[in-house]
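Counting from 39, one number per residue, gives the positions in the sequence shown under this note's numbering.
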Amino acid sequence: MRLAVFILIAIASESVQQSDDLCSHSSLNTCGKCIATPGCAWCESEGDTSRCGKANQKWCNGSLTNPQTVSRAIQDDPLSTTAGRIVQIKPQKIFIKARPGQKVQFDLHYQQAIDYPLDLYYLMDMSNSMKDDKDKLSALGSTLASEMRRRSSNLRMGFGSFVDKVTMPFVNTLTEIPCDGCAPPYEFINHLSLTDQTNNFAPAVHQTQISGNVDTPEGGFDALMQVMVCKNEIGWRNESLRMIIFSTDAESHYSGDGRLGGVIEPNDELCHMQRNRYTHGLVQDYPSVAQISNNARKLKMNVIFAVTENVKITYEMLKEAIYNSQTAILKGDSSNVVELIKEQYDKLTQDVIMDYPKNDDFEIKMFSSCKGNERKETNTCFVKKKGDTITFNVQLEVKQCPARKTQKIYIAPSSINERLEIDLEVDCECDCEKTGNFLPAHERCNRQGDLKCGVCSCHQNFWGPKCGCNTNSVSNKEEDNSACERNGETCSHRGECKCGACLCYDPEVTILEKILIVEFLTIKLQRYSGQFCQCDSKKCAVGPNGKICSGPTQGRCDCEGCVCFEGWKSKPDCSCSDNTSSCVPPTGVLECSGHGECVCGECVCRIEQGKGKFFGKFCEDCSTCQDKCDDLKPCVQYKLPNEEGEQLGIPSGCDAYTMLTVQDLNDTTLAEKLQQHLQTENAERRSRRETNDENPLGGSEQLPEAEALSNSRKCNYYVQGCTYYYKYWTGLDKSTYVFLDTNKECVAPVDIWGVVFGLIGAILLAGIVMLVIWKVATTIHDRREFAKFEKERQAAMFDAGHNPLYKEPASTFQNPTFSQK
39 MRLAVFILIA
49 IASESVQQSD
59 DLCSHSSLNT
69 CGKCIATPGC
79 AWCESEGDTS
89 RCGKANQKWC
99 NGSLTNPQTV
109 SRAIQDDPLS
119 TTAGRIVQIK
129 PQKIFIKARP
139 GQKVQFDLHY
149 QQAIDYPLDL
159 YYLMDMSNSM
169 KDDKDKLSAL
179 GSTLASEMRR
189 RSSNLRMGFG
199 SFVDKVTMPF
209 VNTLTEIPCD
219 GCAPPYEFIN
229 HLSLTDQTNN
239 FAPAVHQTQI
249 SGNVDTPEGG
259 FDALMQVMVC
269 KNEIGWRNES
279 LRMIIFSTDA
289 ESHYSGDGRL
299 GGVIEPNDEL
309 CHMQRNRYTH
319 GLVQDYPSVA
329 QISNNARKLK
339 MNVIFAVTEN
349 VKITYEMLKE
359 AIYNSQTAIL
369 KGDSSNVVEL
379 IKEQYDKLTQ
389 DVIMDYPKND
399 DFEIKMFSSC
409 KGNERKETNT
419 CFVKKKGDTI
429 TFNVQLEVKQ
439 CPARKTQKIY
449 IAPSSINERL
459 EIDLEVDCEC
469 DCEKTGNFLP
479 AHERCNRQGD
489 LKCGVCSCHQ
499 NFWGPKCGCN
509 TNSVSNKEED
519 NSACERNGET
529 CSHRGECKCG
539 ACLCYDPEVT
549 ILEKILIVEF
559 LTIKLQRYSG
569 QFCQCDSKKC
579 AVGPNGKICS
589 GPTQGRCDCE
599 GCVCFEGWKS
609 KPDCSCSDNT
619 SSCVPPTGVL
629 ECSGHGECVC
639 GECVCRIEQG
649 KGKFFGKFCE
659 DCSTCQDKCD
669 DLKPCVQYKL
679 PNEEGEQLGI
689 PSGCDAYTML
699 TVQDLNDTTL
709 AEKLQQHLQT
719 ENAERRSRRE
729 TNDENPLGGS
739 EQLPEAEALS
749 NSRKCNYYVQ
759 GCTYYYKYWT
769 GLDKSTYVFL
779 DTNKECVAPV
789 DIWGVVFGLI
799 GAILLAGIVM
809 LVIWKVATTI
819 HDRREFAKFE
829 KERQAAMFDA
839 GHNPLYKEPA
849 STFQNPTFSQ
859 K
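Next up, the structure:
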């Protein structure tokens, strides 16, 4: 059993003693902790009185540290539509310095260029079923170019086609020509790079031959990935609206399907094109949906799935998973393709959606009156006509002191490659606490502490207002008990005065434990707290996480109950959040992945027919769902060294998962590793006085056993010729843990020439052996037949006779009327 230690803070004025004043809390005993609390300021004058108080009250006789928000534009170029210098976002870069709890507001202006460059790439399925669509696109190519040039005179168009991987079971490899009048199958060909010579578009489509494949899904995702990442080969410009029209009448293969054809290496999301052809179709698997979405977000690609009615549902679902994509329905022969592209272009240019990050360290809100006269919270606006300026009022609030005090935040339109960069510096340390600004080993601190901002920061093993107490000794200098007395009671009879401060103890511990607690000063949050142990924590509700008032970031115990902070509903334990952003998964846009309801900042998952109960922090998983191995691959990748031996930076969204390395993936090892991690994490939290021995899985001491991890899912990651295996598991608290096996399985490099020559030699040897066998067999057979013939010839006995069919060549006739005289 341990006891919490509260350092004496004398209250400077009566107003600061009020129970509703968070700034008077005893834990705010340093300048950094004080200014990190909303509405609080630090008094730097020397003395033993309270230093932290409300910033809006006059209670400090000396200098008051109350950092204010600093916000200034670093780059603020005017909006421009000049070619080569187009600016649609203003400002472009700002610097903000703020402390937790402070809100910073600024205006973000967006003006869509009147004649903004347009790069339009048409990617078409060339399987035999799309023949009439190809013919119609060829016939309408000139009309399409003419109509789009009316919308942007700075137009470039390109064309490419795809079939599928050239291997069974995707295409028929037994014949080179899959159908009459068809071209041999291929993965992807870039027939026409983006060019302003739009009159070349229709001929390029017309000259492209139809091909064919075997299975119904097509290899379009291979082609789509190459179109996005091959910037130079396709011809994408830096300043342009990038549109990809993905036209097909069938579903698409995605990651994992390549294994059916023996292609197991994952897609590396790099460009692999030579002479306008994709070269790695039989080397790398199809890309995953997550990889397509990540590149669409990173490269600002606007993908339009122009599909037929029979696959509408499939691509409607893909639209929800792929960033900034849309689905449009083609007629059976693509006769409406021109109107379809015009409609999608108008939608892209008229709907302005501002993207911004979401995390626990800060919160961004955007307001605008673009949808009417009333100012509303929204990040989406409708542009009535090009050239109009839309103004968003951006509100940024720092929620807590992050691990990294400086961060870069980007706010950008979803469809173009422009953005606002925010350099954010979180103010969680006072200048008087920084090296060179404080007095080390000061006399006021008994030479056992540094004087920082007017108070002692004690060295290791020392504590107390003047660092006069040594945790290794029962003899201490600060024995003035008057500071512990209130209304004639010492520590309210709920603790003992030690070194001028009340050490509150739990009345439920034994006398022996109490003596050990006081003498050895073991620290733990107990039932009683406060300067005079006057506060009873049992009057304050405990949240689901095991913390009083759900922890210091959500509420505080003011001796009479929980006082909830802004953003948390007034439940008894302050556990209900008003913010639903915590319910949105890092790789998605729907709350609770569309399979649950966000209640108090947490997802309550539904039971759906055919899939059963969903689970996971974001209701992203179910017993019959496809695993999320692909979503976790970027997170696993950053834990592994790259080709240069360096580790990659952590990708966005991976902080939602806890990554642990193990030696093998059996359930017992995973349970031991997780128990070790949770125990270490709890110990660190206790050392920071932020926890009551709870563990993240819910129970106070209930750590997971091997049986609990039996439902973990196994995945693999292929990189640099080696395969790594990992498992992921979702705990009772909906946290996802990823276990990465550091052992890798590598395939020994194959001696290609040895295999080639060995195979040739084996074929030649087999041929020679077959010829010898054939020659021996025919010789034996001929000899047997000849011997049989000779035997029959010698045994034959022929007699002389006449052939019954033989007739004499001469015939004699006698005339009866003739008589010889």
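Note that beta-carbon positions come from the ideal geometry of N, C-alpha and C, so glycine has one too. Quantities reported herein were computed from a predicted structural model and do not represent experimental measurements.
Range covered by the beta strand (DSSP E) that runs through N781: 774-784
Alpha-carbon to alpha-carbon, E271 and G294: 27 Å
Cα-Cα separation, E629 to E358: 12 Å
8 Å contact criterion, which L158 and M186 should meet: CB distance rounded: 6 Å
Other residues of its chain near T774: CB distance less than 8 Å, five sequence neighbours each side excluded: G654, K655, A694, Y695, T696, Y766, W767, T768
Uninterrupted beta strand (DSSP E) stretches inside the region 382-460 (no shorter than 3 residues): 389-393, 400-406, 418-420, 427-436, 444-451
Other residues of its chain near T31: CB distance less than 8 Å, five sequence neighbours each side excluded: Because residue 31 is not part of the residues shown, which for the chain are 39 to 859, the question remains open.
Where N332 falls: helix, strand or coil (DSSP): helix
Delimiting residues of the alpha helix (DSSP H) encompassing S231: No alpha helix (DSSP H) contains S231, which is instead part of the beta strand (DSSP E) from 226-233.
Per-residue burial, N332 [other beta carbons within 10 Å of its own, 16 or more giving buried]: buried
Reduced DSSP secondary structure (H/G/I, E/B, other) of N583: coil
Beta-bridge partners of D163, as assigned by DSSP: F200
Residues near S613 in its chain [Cβ-Cβ closer than 8 Å; skip 5 each side]: G581, P582, N583, S588, Q592, W606, C638
Beta-carbon proximity check, D253 vs D163, cutoff 8 Å: no
Nearest-angstrom Cα separation, counted from N305 out to G799: 35 Å
At least 3 beta-carbon pairs within less than 8 Å: the region 190-200 vs the region 215-226: yes
Top-ranked residue by Cα proximity to L337, from S101, K92, R275: R275
Distance between V785 and N67 (C-alpha atoms, nearest Å): 59 Å
DSSP three-state assignment for N508, whether helix, strand or coil: strand
Backbone CA spacing between V43 and G487 [nearest angstrom]: Because V43 sits at a pLDDT of 32, beneath the cut-off of 50, its placement in the model cannot be relied upon, and the point is left open.
Near the ligand MG: L809 beta-carbon under 7 Å from a heavy atom: This structure simply doesn't include the ligand MG, nor any ligand for that matter.
Same chain, Cβ closer than 8 Å to N510, five either side skipped, listed in chain order: N499
Exposed unless 16 or more other CB atoms sit within 10 angstroms - verdict on A479: exposed
Coil, strand or helix - F343 by DSSP: strand
Secondary structure of C657, DSSP reduced to three states: coil
T365, enclosing beta strand (DSSP E) - first and last residue: 364-367
Per-residue burial, S278 [other beta carbons within 10 Å of its own, 16 or more giving buried]: buried
At least three beta-carbon pairs within less than 8 Å, the region 448-464 to the region 129-146: yes
Residue of D469, A815, L716 minimising C-alpha distance to C69: D469
Reduced DSSP category for P842 - H, G, I as helix; E, B as strand; rest coil: coil
Cβ-Cβ distance between L156 and N192 below 8 Å: yes
Contacts around C882, its chain only, beta-carbon distance under 6 Å, and the 5 residues preceding and following it disregarded: This structure does not reach residue 882, given that the chain is present from 39 up to 859, and the question cannot be answered.
Three-state secondary structure (DSSP) of N754: strand
Sufficient close CB pairs (3 or more, under 8 Å) joining the region 244-262 to the region 309-319: yes
Buried versus exposed call for K437 [16 or more other C-beta atoms within 10 Å across all chains shown]: buried
Exposure label - V814; buried when at least 16 CB within 10 Å: exposed
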